[in-house]
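Before any comments, here is the structure.
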Amino acid sequence: MPTLFIEQHSQGLAFYINGNLQFDTTDEAIYHEHLVVPAISLAEQRFPNLPLRVLICGGGDGLAARDVLRFNQVREITLVDYDPDVLELGRTVFQPYNQGSLTTADQSPLGSDRVTVYTQEAFEFVSNLPDACYHVVICDFTCPTRPEETQVYSLEWLTEIRRILAPQGVLAKNAVSPQQTPAAFWCLYQTALAAGIHTKPMRVVIPSFHHHDYGDWGFLLGSPTAIAPEELTSLKFPNNLQVLQVATWIDVFRFPATMANDRHLINLHTLDCPQLFYYLLNSHFSDREIDATVKPIESEDWLDFLAIQESGTGLIGTHDPLEFESMIQVWLDHFHPSQSGSTSVPAPASLIPVQHPYHDPRISQEWLGYTKALLSEIDAKQLLSKLVDRAQELPPQLAKDLKQLLEKVRSGQPLTYISEHTAELITILSVSLLVANLAAPDAAFAKGFSGSSYRSGYSSGSSSSGDYYYSDGSFGWLGFWMTMIGGMWLWNLYKNRDD
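Take the numbering used here: the final residue in the sequence shown is number 1665, and no numbers are missing along the way.
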């Protein structure tokens, strides 16, 4: 179960799940009013005088339900959240802020028997619903911190949402930051479009989110039926809102062009080929190179999605980019750009992606610097000499290329050209050395290891400081065998690719 934490302060409280801020009572109205109010107002406009049925997925804190209950035309609210602890907080600690939205009418001013709560996984719950049974669906999920939490952001999930929505129904979805994680935000946007949901992206400034370096926050407003600009400019809001104003709210559809111009390069997120978590962890867009012939967009240019109607690109990835074998495949594609359908060179950061939520791109850049330092330890002349000594075990053309390369290195000639197969072999050997050295530092170079970077809570042998000293060569042999095994594995991957 997730870790829940409540921080009390002079103006209320802040609520965290797994260390990530969910809301701060000083400005949570910015978040929840933008998530809820436009969607319900649009539904009221599209279904005049019709009792509305609303489904809230997530939102166990009761704050989204509070804002739905502001609309008298809403007659039935279903809230489904898998976490009973969050729901209990919604009925107790958070009650002063959600105005008792999850309690009965006789227990609080806003509490209403219009709300029915289910403690269940949202995907399972929605899968068992009949078609076209809700006028509005509000997705108020936490930002994923594990790959399995991205299921309720997938194409399959959004396809189910489209199925249970009335033809003119409305979807309101909490997204991620288009500023800090633009690739992830546009991944959700493209996935919604691919599900047949006409989608308007929204960008909102929430001070507490900025304080935690989350950046501007994003939402998606969508419908199976296209949303016309005049529908949104003519919405009527309740009178008792804290933040949202009819005159200015449509500014949320304006995005800096530099934040949105690469949205067509992003893959969809599906259960079979997940992409979202990779995009969340890696702020760069993808291994697709931006066309250098496209006119650059000036920093002051803006895109207004109020008037933009897009059908989406429907790009589906071929692999989960966080799987190790997928990274190997990217390296091999780098050698064969023509075979992979791309003539661009991937950025180094896309070759070594962030793979853990507690990392960040700066850590990857530091790791890249470390790999450069490790590669500088390799004596290229000696490596080539050893390869040439065993030339009889290599394909004739490769042996010839290596001999020519060795002569150039020995004579100090500029390396203006290296054959493709030579570059592949040297790269594969270098990668094997790096993998072995990173797993057992310095062992791949048969130096043994001693240092103060690895410490223990107890002493071993004569080391009173808790440092580990390896002088018997055991880690050297470990590094050697890791190098050999890794080299054979990478080489087999390469040969299988050619086959």
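C-beta atoms are modelled at their ideal positions from N, C-alpha and C, and glycine is treated no differently. A quick note: this is a predicted structure, and the numbers were derived from the prediction, not measured.
query: Which class does tyrosine 1380 belong to by DSSP, given the choice of helix, strand or coil?
result: coil
- prompt: Within the chosen definition, does the segment 1355 to 1371 reach the segment 1180 to 1190 through at least 3 CB pairs nearer than 8 angstroms?
  reply: no
- prompt: Do you know offhand how far tyrosine 1248's Cα is from leucine 1481's?
  reply: 31 angstroms
task: Tell me cysteine 1353's beta-bridge partners as DSSP assigns them.
output: Bridge partners of cysteine 1353: none, in fact.
message: Once DSSP output is grouped into helix, strand and coil, what is the label at leucine 1401?
response: coil
- prompt: What's the C-alpha gap between aspartate 1190 and serine 1374?
  reply: 7 angstroms
- prompt: Is it right to say arginine 1241 is buried, meaning 16 or more other beta carbons lie within 10 angstroms of its own, or is it exposed?
  reply: exposed
query: In this structure, does DSSP put methionine 1167 in helix, strand or coil?
result: coil
query: Are there 16 or more other CB atoms within 10 angstroms of the CB of methionine 1167, so buried, or fewer, so exposed?
result: exposed
- prompt: Cβ atoms of valine 1336 and glutamate 1387: under 9 angstroms apart, would you say?
  reply: For the record, residue 1387 in the displayed sequence is leucine; it is not glutamate. The answer is yes: Cβ separation under 9 angstroms.
- prompt: Rounded to a whole number of angstroms, what is the C-alpha to C-alpha distance between leucine 1346 and threonine 1169?
  reply: Note that residue 1346 is glutamine in the sequence shown here, rather than leucine. Approximately 24 angstroms, taken between the alpha carbons.
query: Is the CB-CB distance between valine 1246 and phenylalanine 1291 below 9 angstroms?
result: yes
- request: With DSSP as the reference, label tyrosine 1248 as helix, strand or coil.
  value: coil
message: Threshold first: 4 residues or longer. Then list the alpha helix (DSSP H) segments lying entirely within the segment 1288 to 1336, N to C.
response: 1288 to 1293 and 1321 to 1330
message: Let me make sure I understand the geometry here. Which of Met1425, Asn1215, Val1303 and Thr1588 has the alpha-carbon closest to that of threonine 1325?
response: Val1303
- prompt: From phenylalanine 1421 to aspartate 1382, what does the alpha carbon distance come to, in whole angstroms?
  reply: 11 angstroms
message: Below 8 angstroms on the Cβ atoms is my contact criterion, and I expect valine 1220 with tyrosine 1300 to pass it. Report the Cβ-Cβ distance as a whole number of Å.
response: 7 angstroms
Cβ-based burial, glutamate 1173 [other Cβ within 10 Å; buried from 16]: exposed
- prompt: How is the beta strand (DSSP E) around isoleucine 1222 delimited, first residue to last?
  reply: 1218 to 1224
task: Would you kindly report the start and end of the unbroken alpha helix (DSSP H) that includes alanine 1231?
output: 1229 to 1234
- prompt: When you compare only the Cα positions, how much space is there between alanine 1341 and aspartate 1555?
  reply: 58 angstroms
task: Tell me whether glutamine 1475 is buried or exposed, calling it buried when 16 or more other Cβ atoms sit within 10 Å of its Cβ.
output: exposed
field: Element boundaries [beta strand (DSSP E), containing proline 1367]
entry: 1364 to 1370
field: alanine 1332 versus threonine 1258: straight-line alpha-carbon distance, rounded
entry: 34 angstroms
- prompt: If you pair each beta-carbon of the segment 1314 to 1330 with each one of the segment 1440 to 1447, do three or more pairs fall below 8 angstroms?
  reply: yes
- prompt: Can you tell me whether glutamate 1396 is buried or exposed, with buried defined as 16 or more other CB within 10 angstroms of its CB?
  reply: exposed
task: Please classify aspartate 1470: does DSSP put it in a helix, a strand, or coil?
output: strand
task: Please go through the same chain and pick out, in chain order, the residues whose beta-carbon is closer than 7 angstroms to the beta-carbon of aspartate 1193, but skip the five residues on each side of it.
output: Ile1372, Pro1373 and Ser1374
Glycine 1384 versus lysine 1566 - alpha carbon distance: 57 angstroms
task: For the beta strand (DSSP E) holding asparagine 1186, just list the boundary residues, first then last.
output: 1186 to 1190
field: Own chain partners of isoleucine 1327 with C-beta closer than 8 angstroms, once the 5 adjacent residues on each side are dropped
entry: Val1292, Val1303, Cys1305, Leu1337, Ala1361 and Ile1363
- prompt: How many angstroms separate the CA atom of leucine 1564 from the CA atom of threonine 1588?
  reply: 6 angstroms
- request: Could you tell me whether the Cβ atoms of leucine 1568 and alanine 1557 are closer together than 9 angstroms?
  value: yes
- prompt: Is it the case that the Cβ atoms of leucine 1218 and phenylalanine 1260 are separated by a distance below 9 angstroms?
  reply: no
Selection from Val1234, Ala1350, Gln1177 and Phe1213 that minimises the alpha carbon distance to cysteine 1223: Val1234
field: Residue interval of the beta strand (DSSP E) (run including threonine 1282)
entry: 1281 to 1284
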